[in-house]
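Q: I'd like to ask some things about the structure below.
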């Protein structure tokens, strides 16, 4: 029973804890410190280091506190001569062959072995023989260096790899005093979670290649932050080192927050930070000289750049009206910045043409069965619809792996390409544009029907009584509606259901809730609702219905949109129809791009405004479950001496607003906070969600070929280490995680087109040919071409935006 408690005494202190509690945890609750090496809150106990030995009354020998469970009436002593001698002996044993190279060890100053030796260990060594030598600076993987001499074989790293990541790459090799940490079959340790082993290691055996010899802990200034790499919203801590040139970001570490991350980070969140001080950042505003072709940009001052932007905007307003202006802001903006951008568009410019969906998304949330990340911990069934959580939300994927492997959850995946999961699951193939059909069949199977659903799956769904958690990628609107109906059917049978929408951008849900959509005002109020508009200070009726991202691009190509403002939106690389995005940017429209780097999109702009990175701004982000979390505070851009004149996105919006209307965009921080709280985006709250009814009006962003014509349907796949954003401009990170231009074919299609694994082929789409290497896998259903997004050299959106794709065959000299 949940109310049961066990009473025990630890060092004379009475403690009551739940049954099954470890003695170590009970001691912590009582305020008694017990040293540990191998023990960790998120790992199963193994009791291999023996530093936590304690006396238990009635036991003939010392027992490990990290594995011993409490018993009623137990008497524990942690501070006796026998315990002290045991700790001393353990430390002496660990130091026999330890190199004692603390002055050059990156762990110096934050090393458990160092600290516990000072506190409990011997002052002098009795060892007279030479120490055993082992290899140092072993290249274990893309980001990690292994020093075998320093390893104390606590097995934290291998247990994380086996129990949490479920990958089983790290192992203990050899035996006795020759034992060491290595990888199975000698392969590199290339897990996307490899960096967690650095933090888990209690000594300096596993260290970061990026942080190697960079700083000491006491040199660093620590700033709490939220990760901007994906929509999970993991808690991180930034470590800066001050020097004569400013502050330099030296490393990123976890800041455990159980409701989201359990203290784990993916390697992108941990290591992809070099872009903030990259020399490739835009140093000052750029403009296209009058009469010069697209792609010609010259430096200018902020004053001249703003004069050019404001002047041309006013010209377009005079000739085309507000409907001739469009604003597109990517999901990297904070809630505050997204709100300011839509306010600039609606209240100052007078247009409803605002959107944040830069990659073909339909929605970032749904108001049916809203879920939390921790719901996965108690799920009986997990249904993944179109999503690839291992790429889009890696830390969520860890919970999925645990639920399936250790808790017996039924794991189903539905879509054109089976996600790369590390645990047993059932793949239900569904072609692009037809996910809704498959979901409708699943719903029918709950009532005993459902043609096309495997009998075993239908039976399992019928028999499972617990919680069902669905994860949707938010792309196909029809799939979203069908999934909502499926969840409602599940709930109608008296069973619990939850939904998480897993997109690609860090703050898509915050942008959606802040009103950065043509059909929504802040707080998910309809843009066409007269009362909602009145409360927002807008005219009762919009001058014209707002345009989505795709519609804005189409209007620009047609000459009906003369001014396009893009913020953190590299549409050439992220939008599903590359030809349309490029044509819009090369049209007669005046294009303003606000970004950190000179992206493919920025190169085609008339004005480029340099934006500051996330390290230079404060605000809030809303993660995929709707949790509103504070970022910052921040005061400077850690450019480390780079000649960068960047402003935060919010500062740029406020300056433009004041230049256009003669008064501030908002009266101050208080008004902005009040407006966001009214929109359901108050700090520490959970945001609302998109009404399912609006999915009928949402644009899916990319055409889906239908029928059974000749060729393949391209299915875009997210890539954790790719993308159209910052990861492409972190050269050190990219060199360690190189991405190959590879596409994926089903064996049947490979045979039909006459290609074998490893072939380079030409992929015909529209009027062009895209070159790529082919990998053959049954993870891709027949008739589908799996195309990774964000891989340098692979123009994925030429394939997704141009109808069916034909394989030209093995690449000959004339191709390319």
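Residue numbers (this note's numbering): 2 to 817. C-beta atoms are modelled at their ideal positions from N, C-alpha and C, and glycine is treated no differently.
Roughly how many angstroms lie between the CA atoms of residue 81 and residue 42, to the nearest whole one?
A: One-based indexing of the chain shown puts residue 81 at position 80. One-based indexing of the chain shown puts residue 42 at position 41. Taking the straight line joining both Cα atoms gives about 26 Å.
Q: Per DSSP, what are the beta-bridge partners of residue 612 in this structure?
A: Position 611 of the chain shown, counted from the start, is the residue given in the question as residue 612. DSSP output for residue 612 lists 648 as bridge partner(s).
Q: Among residues of its own chain, excluding the 5 on either side of residue 817, which ones have a beta-carbon nearer than 6 Å to its beta-carbon?
A: Walking along the chain shown from the start, residue 817 turns up at place 816. Unreliable placement is indicated for residue 817, whose pLDDT of 32 sits below 50; the coordinate value is still reported in the next sentence. Cβ within range, chain order: 772.
Q: Residue 244 lies in the beta strand (DSSP E); which residues open and close that run?
A: In the chain shown, residue 244 corresponds to position 243, counting from 1. Here the beta strand (DSSP E) through residue 244 covers 236 to 244.
Q: To the nearest angstrom, how far is it from the Cα of residue 672 to the Cα of residue 534?
A: Position 671 of the chain shown holds residue 672. Position 533 of the chain shown holds residue 534. Each residue's alpha carbon lies about 18 Å from the other.
Q: I'd like the list of long-range same chain contacts for residue 225, defined as Cβ closer than 7 Å, with 5 residues on each side in sequence excluded.
A: One-based indexing of the chain shown puts residue 225 at position 224. Correct list, in chain order: 238, 256.
Q: With a threshold of 6 Å on Cβ separation, who are the neighbours of residue 314 within its own chain once the five nearest residues in sequence on each side are excluded?
A: The residue labelled residue 314 in the question sits at position 313 within the chain shown. Cβ neighbours of residue 314 beyond the five flanking positions: 564.
Q: Label residue 108 either buried or exposed according to how many other C-beta atoms from any shown protein chain fall within 10 Å of its C-beta, with 16 as the threshold for buried.
A: Walking along the chain shown from the start, residue 108 turns up at place 107. By the neighbour-count rule (16 or more Cβ atoms within 10 Å), residue 108 is buried.
Q: Rounded to whole angstroms, what is the Cα-Cα separation between residue 281 and residue 598?
A: Here residue 281 refers to the residue found at position 280 when the chain shown is read from its first residue. Here residue 598 refers to the residue found at position 597 when the chain shown is read from its first residue. So the alpha carbons of these two residues sit roughly 7 Å apart.
Q: Put residue 323 into one of helix, strand or coil per three-state DSSP.
A: In the chain shown, counting from the first residue as 1, residue 323 sits at position 322. Three-state DSSP puts residue 323 in a helix.
Q: Along the chain, where does the beta strand (DSSP E) that runs through residue 209 open and close?
A: Position 208 of the chain shown, counted from the start, is the residue given in the question as residue 209. Counting along the chain, the beta strand (DSSP E) containing residue 209 begins and ends at 207 to 209.
Q: Go to residue 457, then tell me how far its beta strand (DSSP E) extends in each direction, as first and last residue.
A: Here residue 457 corresponds to residue number 456 of the chain shown, with the count starting at 1. Residue 457 -> not in any beta strand (DSSP E); alpha helix (DSSP H) instead, spanning 456 to 464.
Q: Buried or exposed, going by whether 16 or more other CB atoms sit within 10 Å of the CB of residue 869?
A: Since the displayed the chain opens at 2 and closes at 817, residue 869 lies outside it and no answer follows.
Q: Am I right that residue 580 and residue 802 are in contact with their C-beta atoms under 8 Å? What's the rounded C-beta distance?
A: Counting from one through the chain shown, the residue named residue 580 turns up at place 579. Counting from one through the chain shown, the residue named residue 802 turns up at place 801. Yes, they are in contact, since the Cβ atoms of residue 580 and residue 802 sit about 6 Å apart, within 8 Å.
Q: Given a cut-off of 8 Å, decide if residue 288 and residue 393 are closer than it, judged by their beta-carbon atoms.
A: By 1-based counting over the chain shown, the position of residue 393 is 392. By 1-based counting over the chain shown, the position of residue 288 is 287. Against a cut-off of 8 Å, the Cβ pair of residue 288 and residue 393 comes out as no contact.
Q: Would you be able to state if there are at least three C-beta pairs under 8 Å between the stretch 196 to 206 and the stretch 458 to 470?
A: Because the criterion of three Cβ pairs below 8 Å is not met, the stretch 458 to 470 and the stretch 196 to 206 do not touch.
Q: Smallest Cα separation from residue 350: which of 757, 788, 666, 5?
A: If you number the chain shown from 1, residue 350 lands on position 349. That would be 666, whose Cα lies nearest to the Cα of residue 350.
Q: Taking residue 261 as the reference, give the member of 399, 190, 284, 388 with the closest Cα.
A: One-based indexing of the chain shown puts residue 261 at position 260. It is 399.
Q: Is residue 422 near residue 384, with beta carbons less than 8 Å apart?
A: On the chain shown, residue 422 is found 421 positions in, with the first residue counted as 1. On the chain shown, residue 384 is found 383 positions in, with the first residue counted as 1. For residue 422 and residue 384, no; Cβs fall outside 8 Å.
Q: In the DSSP output, which residue or residues are listed as bridge partners for residue 11?
A: For the purposes of this step, residue 11 is taken as the residue at position 10 of the chain shown. According to DSSP, which records beta bridges pairwise, residue 11 is partnered with 14, 77.
Q: Skipping 5 residues on each side, what residues in its chain have a beta carbon closer than 6 Å to that of residue 98?
A: As a first step, residue 98 is located in the chain shown; it is residue number 97 there, counting from the start. Contacts found: 132, 133.
Q: Beta-carbon separation of residue 740 and residue 693 under 8 Å?
A: Along the chain shown, one-based indexing puts residue 740 at 739. Along the chain shown, one-based indexing puts residue 693 at 692. No.
Q: Quick one: grab the DSSP three-state call for residue 734.
A: What you label residue 734 is simply residue 733 of the chain shown in a count that begins at 1. Looking at residue 734 - three-state DSSP - the assignment turns out to be helix.
Q: Please classify residue 135: does DSSP put it in a helix, a strand, or coil?
A: Position 134 of the chain shown, counted from the start, is the residue given in the question as residue 135. In the structure shown, residue 135 sits in coil (DSSP, three-state: anything other than H, G, I, E or B).
Q: At which residue ranges does the stretch 386 to 451 contain complete beta strand (DSSP E) runs of 3 or more residues, listed in the order of the chain?
A: Segments of the beta strand (DSSP E) lying fully in the stretch 386 to 451: 411 to 416, 427 to 430.
Q: Give the DSSP-derived three-state secondary structure of residue 701 in the structure shown.
A: Within the chain shown, residue 701 is the residue found at index 700, counting from 1. For residue 701, the predicted structure reports a pLDDT of 44, less than 50, and the residue's modelled location is therefore unreliable. A value from the coordinates is still provided. Correct three-state label for residue 701: coil.
Q: Here's the rule I'm using: 16 or more other beta-carbon atoms within 10 Å means buried, otherwise exposed. How should residue 66 be labelled?
A: Sequence index remark: in the chain shown, residue 66 carries index 65 (1-based). Classification of residue 66: buried, given that the 10 Å Cβ count is 16 or more.
Q: Entirely within the stretch 781 to 807 and at least 3 residues each: give me those beta strand (DSSP E) ranges in chain order.
A: Taking only runs of at least 3 residues, the beta strand (DSSP E) segments lying wholly in the stretch 781 to 807 are 785 to 789.
Q: Considering only residues of the stretch 524 to 574, which uninterrupted alpha helix (DSSP H) runs meet the minimum length of 4 residues and lie entirely inside it, listed in chain order?
A: Qualifying alpha helix (DSSP H) stretches, in chain order: 531 to 536, 550 to 558.
Q: Given 8 Å as the limit, is there contact between the stretch 645 to 652 and the stretch 333 to 353, that is, 3 or more CB pairs closer than that?
A: Segments in contact, yes.
Q: At the level of alpha carbons, what is the spacing between residue 528 and residue 766?
A: Stepping through the chain shown from its first residue, residue 528 is reached at position 527. Stepping through the chain shown from its first residue, residue 766 is reached at position 765. Spanning the two alpha carbons is a distance of roughly 38 Å.
Q: Assuming residue 682 and residue 688 form a contact by the criterion Cβ under 8 Å, report the distance between their Cβ atoms to the nearest whole angstrom.
A: Against the chain shown, residue 682 aligns to sequence position 681. Against the chain shown, residue 688 aligns to sequence position 687. That belief holds up - the Cβ atoms of residue 682 and residue 688 are roughly 6 Å apart, short of 8 Å.
Q: At which residues does the alpha helix (DSSP H) containing residue 721 begin and terminate?
A: Here the question's residue 721 lines up with position 720 in the chain shown. Counting along the chain, residue 721 falls outside any alpha helix (DSSP H), and DSSP gives it neither H nor E.
Q: Would you mind working out which of 523, 524, 541 sits nearest residue 530, comparing C-alpha positions?
A: As a first step, residue 530 is located in the chain shown; it is residue number 529 there, counting from the start. The residue with the shortest Cα to Cα distance from residue 530 is 541.
Q: If I'm right that residue 387 touches residue 476 with Cβ under 8 Å, what's the distance once you round it to whole angstroms?
A: On the chain shown, position 386 is the one that residue 387 refers to. On the chain shown, position 475 is the one that residue 476 refers to. Indeed, because the Cβ distance is near 6 Å, the residues count as touching under 8 Å.
Q: Any idea what DSSP makes of residue 379, helix, strand or coil?
A: Against the chain shown, residue 379 aligns to sequence position 378. Here residue 379 sits in helix by DSSP.
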